[in-house]
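Accompanying notes for the structure given below.
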Amino acid sequence: MKNTYSKEKLKWYISKDKQGNEGFGYDPIFIPENDIRSFAQMSMQEKGAISHRGRAVKKLVAYLNNLSKPNSKQ
């Protein structure tokens, strides 16, 4: 069995002021590229949809689903 991993990146900006009350850690100052809200202003679903971890998990799920298909070359 081979090791498999998924890697994603997220571009973001750091706010000078804390924004929002959700999330944890640095969420109030991290603003993802192409958005005006900090992670602390987003729901967990919104954050998961754009976060590097969320995108990596989606790739992993797709990979695992493909393994269950007959004649998979993964």
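Here the sequence shown is numbered in my numbering, starting from 83 and rising by one per residue. Using N, Cα and C, we set each Cβ at its ideal position, and we do this for glycine too.
For residue 93 and residue 115, believed in contact at Cβ under 8 Å, the rounded distance: That belief holds up - the Cβ atoms of residue 115 and residue 93 are roughly 4 Å apart, short of 8 Å.
Rounded Cβ spacing between residue 105 and residue 140 (contact assumed at less than 8 Å): Taking a contact as a CB-CB distance under 8 Å, the pair residue 105 and residue 140 does not count as one, their CB atoms being some 20 Å apart.
Contact set for residue 88: own chain, Cβ-Cβ below 6 Å, skip 5 residues either direction: If we look at residue 88 and ignore the five residues flanking it on each side, its Cβ neighbours are 138, 141 and 142.
Where do the ends of the alpha helix (DSSP H) carrying residue 145 lie? Boundaries of the alpha helix (DSSP H) around residue 145: 134–149.
Would you list the residues sitting across from residue 108 in a DSSP beta bridge? For residue 108, which the question treats as bridged, DSSP gives no partner whatsoever.
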